[in-house]
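**Student:** I have a structure here, written as structure tokens, and I will follow up with some questions on it.
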Amino acid sequence: MNSLQDAAMLHNGVRMPWLGLGVYKVQEGDEVIRSVRTALEVGYRHIDTAAFYQNEEGVGQAIRESGIPRDEIFVTTKVWNSDQGYESTLKAFDTSLKKLGFDYIDLYLVHWPVKGKYKETYKALEKLYKDGFVRAIGVSNFQIHHLEDILADCEIKPMVNQVEFHPRLTQKPLLSFCKQHDIQLEAWSPLMRGGDLLNEPTLVNIAQKYGKTSAQVILRWDLQHEVVTIPKSVTPERIAQNANIFDFTLTKEEMDAIDALNENHRIGPDPDNFDF
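Numbering of the sequence shown is given in full-length UniProt numbering, commencing with residue 1 and proceeding in unit increments.
Pasting the structure below:
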């Protein structure tokens with residue numbers, strides 16, 4: 001992982017850049033267009049949105065206006081909980097595709113494991129994949145037991161599982177389950193913004209050693225765990241800074257020290273106790 005263009009290889013041969021821009025809570029319109037445009041100028045080639053974020057149109061517009069060929073940018077979106085179910089997922093996908101203004105989506109995810117619905121939803125994703133509308137399919141916020149449930153009778157196993165993942169929530173068993181089954185783990189909220197993680201002395205000390213920020217150290221830690229990561233920012237300086245993580249490597253001792261910060265602490269909902 002030596003550059004922003006480096007990518008993970010999904011189990012179907014599709015390349016997914018290790019680092020992307022997340023746009024959760026980024027306002028539709030100027031704000032999202034600006035942050036996506038900035039990221040693309042910096043060299044990012046991976047943008048992560050969702051129907052729930054209500055900014056797919058701006059994401060699509062920024063990508064089109066960038067002049068970068070569509071096939072050079074990896075775009076993820078997700079089906080929201082209220083649209084889950086077979087037919088309703090196909091409709092929701094159609095809406096997302098129209099809003100983005102694309103012919104296909106690189107990765108389509110089931111946003112949350114809605115009980116009694118996520119398997120039908122995933123079947124719809126398999127159809128979209130077989131019909132060539134998506135290059136890869138996967139899930140988000142799935143625990144091991146949800147994945148086992150999908151793997152029991154899916155035709156196409158998920159290529160990606162996007163979950164909350166940061167030094168306070170290292171999800172070791174989930175990470176090794178995904179590696180074992182060739183499912184790429186992806187981190188949302190990698191920097192646990194608002195969680196005061198960036199002032200953690202362990203991270204501050206490692207950051208000083210490399211002349212980096214705590215945020216850059218965390219993102220590097222993600223990549224060295226072979227976890228795709230999508231930090232969110234609307235600040236041009238920070239978007240650029242988040243990408244400046246390819247010129248140093250953490251030692252095994254430093255990786256272990258960061259792993260040891262785990263408290264199984266979530267800032268987002270618990271997928272097993274979420275009011276869908």
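We put the CB at the ideal spot given by N, CA and C, even for glycine.
Remember, predicted model here, so these are calculated numbers, not experimental data.
#1: Using CA atoms only, rank isn't needed, just tell me which of 86, 93, 106 and 133 is closest to residue 123.
#2: When you compare the CB positions of residue 204 and residue 214, do they come within less than 8 Å of one another, or not?
#3: Based on the DSSP output, what are the partners of residue 166 in its beta bridges?
#4: Whole-angstrom Cβ separation of residue 134 and residue 108, contact assumed at under 8 Å?
#5: From this set, 192, 211 and 271, which residue's C-alpha is nearest residue 262's C-alpha?
#6: Would a C-beta distance cut-off of 8 Å place residue 257 and residue 170 closer than the cut-off?
#7: Report all residues from its chain with a CB closer than 6 Å to the CB of residue 146; omit the five preceding and five following residues, and keep chain order.
#8: Could you please give me the residues that DSSP links to residue 161 through a beta bridge?
#9: Leaving out the 5 sequence neighbours to the left and right, which residues in its chain are closer than 6 Å to residue 280 when beta-carbon positions are compared?
#10: By alpha-carbon positions, which one of 92, 236 and 164 ends up nearest to residue 270?
#11: Does the distance from the CB of residue 243 to the CB of residue 10 come in under 8 Å?
#12: Residue ranges of each beta strand (DSSP E) run of no fewer than 3 residues wholly in the stretch 10–95, ordered along the chain?
#13: Any idea if residue 249 is buried or exposed, counting beta-carbon neighbours within 10 angstroms, 16 or more meaning buried?
#14: In three-state terms, what does DSSP make of residue 212?
#15: Would you list the one or two residues that DSSP bridges to residue 232?
**Tutor:** Reading it off the structure:
#1: Your numbering for residue 123 matches position 123 in the sequence shown. Closest option to residue 123, Cα to Cα, is 86.
#2: Counting from one through the sequence shown, the residue named residue 204 turns up at place 204. Counting from one through the sequence shown, the residue named residue 214 turns up at place 214. Cβ distance < 8 Å, so residue 204 and residue 214 count as in contact.
#3: Here residue 166 refers to the residue found at position 166 when the sequence shown is read from its first residue. For residue 166, which the question treats as bridged, DSSP gives the partners 169.
#4: As a first step, residue 134 is located in the sequence shown; it is residue number 134 there, counting from the start. As a first step, residue 108 is located in the sequence shown; it is residue number 108 there, counting from the start. About 5 Å; that satisfies the 8 Å criterion.
#5: On the sequence shown, residue 262 is found 262 positions in, with the first residue counted as 1. Between residue 262 and the set 192, 211 and 271, the nearest pair of CA atoms involves 192.
#6: Position 257 of the sequence shown, counted from the start, is the residue given in the question as residue 257. Position 170 of the sequence shown, counted from the start, is the residue given in the question as residue 170. No. Outside cutoff.
#7: To locate residue 146, count along the sequence shown from 1; it is residue 146. Scanning its chain for C-beta atoms nearer than 6 Å, with the 5 sequence neighbours on each side dropped, one finds around residue 146 the residues 113, in chain order.
#8: On the sequence shown, residue 161 is found 161 positions in, with the first residue counted as 1. For residue 161, the beta-bridge partners assigned by DSSP are 139 and 185.
#9: Since the first residue shown for the chain is 1 and the last is 276, residue 280 is missing from the structure and cannot be characterised.
#10: For the purposes of this step, residue 270 is identified with residue 270 of the sequence shown, where counting begins at 1. Put simply, of 92, 236 and 164 the residue whose alpha carbon is nearest the alpha carbon of residue 270 is 164.
#11: Walking along the sequence shown from the start, residue 243 turns up at place 243. Walking along the sequence shown from the start, residue 10 turns up at place 10. No, Cβ-Cβ distance for residue 243 and residue 10 is not below 8 Å.
#12: Counting only runs of 3 or more, we get 15–17, 46–48 and 74–79.
#13: The residue labelled residue 249 in the question sits at position 249 within the sequence shown. Result: exposed.
#14: Numbered from its first residue, the sequence shown carries residue 212 at position 212. If DSSP states are grouped into helix, strand and coil, residue 212 belongs with coil.
#15: Here the question's residue 232 lines up with position 232 in the sequence shown. In the DSSP output, where bridge partners are listed per residue, residue 232 has 22.
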